[in-house]
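K.L.:
Note that UniProt numbering gives residue 232 to position 232 of the sequence shown, counting from 1, and the numbers run on in steps of one. Structure below; questions to follow.
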Amino acid sequence: MAIVQVRAVTKVYPLGDTTVNALDGVDLTVRAGDFLALTGPSGSGKSTLLNLICCLDLPTSGDVCIDGVRTTDLGEAALDQLRSRTIGMIFQSFNLIPVLNVQENVALPLHLHGMAASERRERVAEAIAAVGLTPFASSLPERLSGGQRQRVAIARALVTAPRLILADEPTASLDSANAFALIELMQSLNRDHGVTFLFSTHDDRLLRNVRDIVRLRDGRIETARRMPETELA
Ligand SMILES: Nc1ncnc2c1ncn2[C@@H]1O[C@H](COP(=O)(O)OP(=O)(O)OP(=O)(O)O)[C@@H](O)[C@H]1O
Ligand SMILES: [Mg+2]
1 MAIVQVRAVT KVYPLGDTTV NALDGVDLTV RAGDFLALTG PSGSGKSTLL
51 NLICCLDLPT SGDVCIDGVR TTDLGEAALD QLRSRTIGMI FQSFNLIPVL
101 NVQENVALPL HLHGMAASER RERVAEAIAA VGLTPFASSL PERLSGGQRQ
151 RVAIARALVT APRLILADEP TASLDSANAF ALIELMQSLN RDHGVTFLFS
201 THDDRLLRNV RDIVRLRDGR IETARRMPET ELA
C-alpha cells in the first residue's frame, strides 16, 4: 500500500528576476515498509521534495497524497494532525531546544496530543530507550555528542509513533562510528517496528546498505532502483 504518492510535482522558486525549477515533474511512490534513499547532487531537489511530503510547503503544480488524500485538499487542522501523528521529520540540524533536556525535547511533539502526563512520560521513556539514550534522559543537548543529539532528534520523531519518518541528510554531520550506529537504528526500526523511512543522503556509507535508491538530478528523477513490492515484509 502506498503511504506517499507524488504525482507530476513541480516546485518553482523565484530567484531575483528569474525562477528556479527545484522540482520539474517528479513521480514517486513510497510504500508501507519501504526504506528508501533519495540521493543526487547538491541542489537536485532532495530537501524540496521532503519538505513537500511533510507538508511544510506546497507544490507549484502536481499532487502529493498521504494515505491517498491530497495534501492540497486538507485544511490547517488536518495538516497539523498529519504532521503530528502520521509523519515524523528529522532535520539535518537536529533543531533541539538548548534549554530543554533530552526528555523535554523528546516530549515536545506530544504536547499537541492532549494525552495524560503519565502516558506522555511512558512514551518519552520508550522513545529514549529505543535510541539507547536512557542514561542521558536528564542531560541538556550541549552535554551530548553529535551522534547522541541526532539520536535525540530520532527519539523526538518516534515519540508520536509515526508510520513514516522523513529524514534530511541524517548522517551528514556524524563521524563513521556514529553514522553506522544511526543506520543500524533506522534499519531496526524499519525491520522490527515497521516504520517506513524516506531519507535524503549523499553518504556512501549509508547508500551501501540500502536496496531502494531514487536519484534526483536537476529536479527530475534520473534513476530509480526499487525492490519488488512482494519482497517487502
Ligand atoms: N526557499 C528557496 N528559495 C529559492 N530557491 C530555493 C529555495 N529552496 C531551494 N531552492 C533552490 O532549489 C533547488 C533545489 O534545492 P534543494 O535544497 O531541494 O536541493 P538538495 O538536493 O536538497 O541540495 P543539498 O544536497 O545541497 O541539500 C536549488 O537550486 C536551490 O537553490
Ligand atoms: Mg538538501
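Glycine residues also receive a C-beta, built at the ideal position from the N, C-alpha and C atoms.
(1) For ligand 2, list every residue whose C-beta falls under 7 Å from any of its heavy atoms, going in chain order.
(2) Tell me the DSSP secondary structure of residue 61 in three-state form.
(3) Could you give the first and the last residue of the continuous beta strand (DSSP E) run that contains residue 204?
(4) Ordered along the chain, which non-local residues of its own chain (more than five positions away) have a Cβ less than 6 Å from that of residue 138?
(5) In this structure, what does DSSP give as the bridge partners for residue 223?
(6) Cβ-heavy atom distance between residue 43 and ligand 1 below 6 Å?
(7) Determine which residues share a DSSP beta bridge with residue 12 and list them.
(8) Is the beta carbon of residue 224 within less than 6 Å of some heavy atom of ligand 1?
(9) By alpha-carbon positions, which one of 97, 174, 42 ends up nearest to residue 141?
(10) Using a 10 Å radius around the Cβ and a threshold of 16 neighbouring Cβ atoms, would you call residue 68 buried or exposed?
(11) Check each candidate in 197, 206, 150 and name the one with the smallest Cα separation from residue 105.
(12) Less than 6 Å between C-beta atoms, sequence neighbours within five positions excluded: which residues of the same chain meet that for residue 9?
(13) Okay, do the segment 190 to 201 and the segment 30 to 41 touch, 3+ Cβ pairs below 8 Å being the bar?
(14) CA-CA distance, residue 83 and residue 177?
(15) Quick test of your reading: residue 154 and residue 131, contact by CB under 8 Å. State the CB separation rounded to the nearest angstrom.
(16) What whole-angstrom Cβ distance do residue 160 and residue 85 have, given they're in contact under 8 Å?
(17) Which residues bound the alpha helix (DSSP H) around residue 88?
(18) Can you grab the Cα-Cα spacing for the pair residue 221 / residue 213, in whole Å?
(19) For ligand 1, is there a heavy atom less than 6 Å away from the beta-carbon of residue 20?
(20) Taking the alpha-carbon positions, what's the residue 180 to residue 215 distance?
P.N.:
This is what the structure gives:
(1) Near ligand 2, residues with a Cβ at less than 7 Å from any of the ligand's heavy atoms are 46, 47, 168, 169, 200; the list follows chain order.
(2) Strand at residue 61.
(3) That residue, residue 204, is in no beta strand (DSSP E); its alpha helix (DSSP H) goes 204 to 207.
(4) Within the same chain, Cβ atoms closer than 6 Å to the Cβ of residue 138 are found at 101, the five residues on either side in sequence being excluded.
(5) Residue 223 pairs with 215.
(6) Taking 6 Å as the cut-off, one finds at least one heavy atom of ligand 1 near enough to the beta carbon of residue 43.
(7) The partner list for residue 12 (beta bridge, DSSP) reads 21.
(8) Relative to ligand 1, even the nearest heavy atom lies 6 Å or more away from the CB of residue 224.
(9) Nearest C-alpha to residue 141: 97.
(10) Counting Cβ neighbours within 10 Å, residue 68 comes out exposed, since fewer than 16 surround it.
(11) Comparing Cα-Cα distances from residue 105 to each of 197, 206, 150, the minimum goes to 150.
(12) Within the same chain, and ignoring the five residues on either side of residue 9 in sequence, the residues whose Cβ sits closer than 6 Å to its Cβ are 23, 26, 59, 62.
(13) Three or more Cβ pairs closer than 8 Å define a contact, and the segment 190 to 201 meets that threshold against the segment 30 to 41.
(14) Rounded to the nearest angstrom, the two C-alpha atoms are 31 Å apart.
(15) Going by Cβ atoms, the distance from residue 154 to residue 131 rounds to 5 Å, so yes, they are a contact pair.
(16) Yes, they are in contact, since the Cβ atoms of residue 160 and residue 85 sit about 6 Å apart, within 8 Å.
(17) Per DSSP, residue 88 belongs to no alpha helix (DSSP H); it is in the beta strand (DSSP E), 87 to 90.
(18) So the alpha carbons of these two residues sit roughly 11 Å apart.
(19) Within 6 Å of the C-beta of residue 20 there is at least one heavy atom belonging to ligand 1.
(20) Approximately 22 Å between the Cα atoms of the pair.
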